[in-house]
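Chains as they are written, first to last, in full-length UniProt numbering: chain G, 1 to 253; chain Z, 1 to 253.
There are 2 protein chains.
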Amino acid sequence: MATGRTHRPATRSRGIPEATVARLPLYLRALTALSERSVPTVSSEELAAAAGVNSAKLRKDFSYLGSYGTRGVGYDVEYLVYQISRELGLTQDWPVVIVGIGNLGAALANYGGFASRGFRVAALIDADPGMAGKPVAGIPVQHTDELEKIIQDDGVSIGVIATPAGAAQQVCDRLVAAGVTSILNFAPTVLSVPDGVDVRKVDLSIELQILAFHEQRKAGEEAAADAVPHVAARKQPSTDQGPDGDVPAVMPA
Amino acid sequence: MATGRTHRPATRSRGIPEATVARLPLYLRALTALSERSVPTVSSEELAAAAGVNSAKLRKDFSYLGSYGTRGVGYDVEYLVYQISRELGLTQDWPVVIVGIGNLGAALANYGGFASRGFRVAALIDADPGMAGKPVAGIPVQHTDELEKIIQDDGVSIGVIATPAGAAQQVCDRLVAAGVTSILNFAPTVLSVPDGVDVRKVDLSIELQILAFHEQRKAGEEAAADAVPHVAARKQPSTDQGPDGDVPAVMPA
DNA sequence: AAATGTGAACTTTTTCACAGCA
DNA sequence: TGCTGTGAAAAAGTTCACATTT
């Protein structure tokens, strides 16, 4: 690395669409399950079903990574697991700090899928001095004062914020100042960060509100449906996750 | 579909884009904060900044709801709060059950923003008989056997699954059979549900993997940047959340 | 025969830029 | 004058359908 080269690494044209990146972990999970069952190969159709997406989308997604399948056969499970892991950066180990060891922080610390896939909890940090030293998920909680030291010593670049909303921005600023460049925010606040820092948020109440919106609409539809001869059959098992789910679009006049 | 009607209802063309729906809770939160500070009106620019989106997008989003602003002035905070709440279905009260009262379930039960905005925890349910009766967040945990009864008695239509992955599909099936039509899934599994049921998922490990992807790319870029005279200034405070975060596209020529 | 990989069509979402109103 | 509301353009994402390869 670090040469005077002006071109993108001879690899394949970078620029995997963000939507594709967001689905790679889904594929990886499905593939890992297959791998554990020692399934050697899988078709786009099968894998797509397991991941809950459609097969054309899956093939298109994989096409951004390269040609890892075999026509007439499908994909080699182990090989794909490796390729996707590599693409996601999971072949290296990412130390992560969790700040705010309340109920949620403890839940996160205990979350198994964490350690399993490339991530390692480097430290648990809480502002409450009473918590200091107390082990959570086998890791002793450290006081906020130690934050900068921990991040620098362990080379932490990913931080998880599970504090109350009021403390989140301040914690975020400290994390960023200490060198963290990716933040997963569970606090219900918009964080502002310098350029070059990634923030993703997970927000229970937003998810519930989106569900309520669709739920309300369903209720309206039912009322409308009552006025109509026969409600169309609802019950085809469909696999569908993510942002929408249905969005039918009927509506009373 | 069902009737012979071919035209859209006379109402304002329903069909708020899904992307817009997903942002409404964000606007609502920002507006609620303003309302608490007794701010009477707000411009699209200000509100957009508070919500972490750009103002054109916000205006476009609001335009799907109707014309609730005043040109030259901005939006009336209270009025908008009401309109968005109504649109999201938050003017009614949604009873919610949480299934799986481990660390995460407890965290969710204790989550304040829950009760505050239209949602009410109708019951906490766990498969462990030892948990039964134990109060969490002031609510006694009930055994899974009671699930169907609770859902029917309380008219619950939204369920939260916080069980281990292995139990999730089974719990989901029972919820759906009992009448739940919206599910928020915290278990790391793809749930399959009948048509007409909405599922949204929240998945810590997926979020971390997406961060790792970008983090890895940053590392690569840095190395590339070392070969270039001077790294462009990174540090303009930017507000940016959601799916991407940055995706800088530095790309040496 | 089976299943990938991908141009091309289509849909959704974002951004632009400005007319129109208070 | 200031700021909304929105057509129109651009970008991103999804789906189709089929030539290509094993």
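Backbone N, C-alpha and C define an ideal beta-carbon position, used for all residues, glycine too.
Could you tell me which chain G residues have their CB closer than 7 Å to the CB of Z:Y111, listed as they occur along the chain? L204
Run through chain G and tell me which residues come within less than 7 Å of Z:I150, C-beta to C-beta. In chain order: nothing, as chain G lies at least about 18 Å away.
So that I know if they touch, is there some Cβ in chain Z lying closer than 9 Å to that of G:N103? yes
When the cut-off is 9 Å and only beta carbons count, does Z:P140 lie next to chain G? no
Could you check whether the Cβ of Z:I158 sits closer than 9 Å to any Cβ belonging to chain G? yes
For Z:G196, count neighbouring Cβ atoms within 10 angstroms of its own Cβ and tell me buried if that reaches 16, exposed if not. buried
According to the Cβ coordinates, are Z:K57 and Z:R23 closer than 9 Å? yes
How many Å lie between G:D61 and G:P17 at the Cα? 8 Å
Is the shortest distance between the beta-carbon of Z:L108 and the beta-carbons of chain G less than 9 Å? yes
Does Z:K218 get closer than 9 Å to chain G when you measure Cβ to Cβ? yes
Counting only Cβ pairs nearer than 8 Å, list the residues of chain Z close to G:A212. L88, G89, L90, W94, G118, F119, I158 and S182
Counting only Cβ pairs nearer than 7 Å, list the residues of chain G close to Z:G52. V190
Proximity winner among Z:S182, Z:S205 and Z:A187, relative to Z:I151 (alpha-carbon distances): Z:S182
Helix, strand or coil for Z:K201? Go by DSSP, reduced to three states. strand
Looking at the secondary structure, which residues open and close the alpha helix (DSSP H) in which Z:I84 lies? V77 to L88
If you follow the alpha helix (DSSP H) that Z:S116 is in, where does it begin and where does it stop? G112 to S116
Output, in sequence order along the chain, the residues in the region 24-38 of chain G whose CB is closer than 9 Å to any CB in chain Z. L24, P25, L26, L28, R29 and A30
Please state whether the Cβ-Cβ distance between G:T41 and G:Y75 is less than 9 Å. yes
Can you tell me whether G:R217 is helix, strand or coil according to DSSP? helix
Going by beta carbon distance, what residues of the same chain come within less than 7 Å of Z:C172, once the five residues before and after it are set aside? I161, I183, L191 and V193
Nearest candidate by alpha-carbon position, reference Z:R37, set Z:A19, Z:V21, Z:A212 and Z:E78: Z:E78
Quick one: list the residues of chain G neighbouring Z:E146, beta-carbon separation under 7 Å, in chain order. Ordered by position in chain G, no residue passes the 7 Å Cβ test against Z:E146, which lies about 22 Å from the chain.
Assess contact between the region 95-115 of chain G and the region 93-111 of chain Z, defined as three or more Cβ pairs (one per stretch) separated by less than 8 Å. Is contact present? yes
What does G:F62 reach in chain Z if we use C-beta pairs closer than 9 Å? Neighbours of G:F62 on chain Z: none; closest Cβ ~15 Å, over 9 Å.
Give every residue of the same chain whose Cβ lies closer than 6 Å to the Cβ of G:E159, excluding the five residues on either side of it in the sequence, and list them in chain order. Sequence inspection shows Gly at residue 159 of chain G; the Glu mentioned does not correspond to that position. So the qualifying residues of the chain are V97, L175, V180 and I183.
Where does Z:P140 sit, in a helix, a strand or coil, going by DSSP? strand
Cα-Cα, which of G:L204, G:V81 and G:V121 is closest to residue 259 of chain G? Outside the shown range of chain G, which is 1 to 253, sits residue 259 of chain G, and nothing can be said about it.
Secondary structure of G:T32, DSSP reduced to three states: helix
Where does Z:A191 sit, in a helix, a strand or coil, going by DSSP? It should be pointed out that residue 191 of chain Z corresponds to Leu in this sequence rather than to Ala. Note: Z:L191 maps to coil in three-state DSSP.
Going by CA-CA distance only, name the one from G:L204, G:G155, G:S205 and G:G72 that's closest to Z:A219. G:G155
Using the beta-carbon count (16 or more within 10 Å), is G:P135 buried or exposed? exposed
With a threshold of 6 Å on Cβ separation, who are the neighbours of Z:P95 within its own chain once the five nearest residues in sequence on each side are excluded? R120, A122, D154 and V156
Measuring CA to CA, which of G:G112, G:S205 and G:R117 is closest to G:A137? G:G112
Taking the Cβ atom as the reference point for each residue, do G:G118 and G:T144 lie within a distance shorter than 9 Å? no
Ends of the alpha helix (DSSP H) at G:F186? Note, G:F186: premise wrong, no alpha helix (DSSP H); not H, not E.
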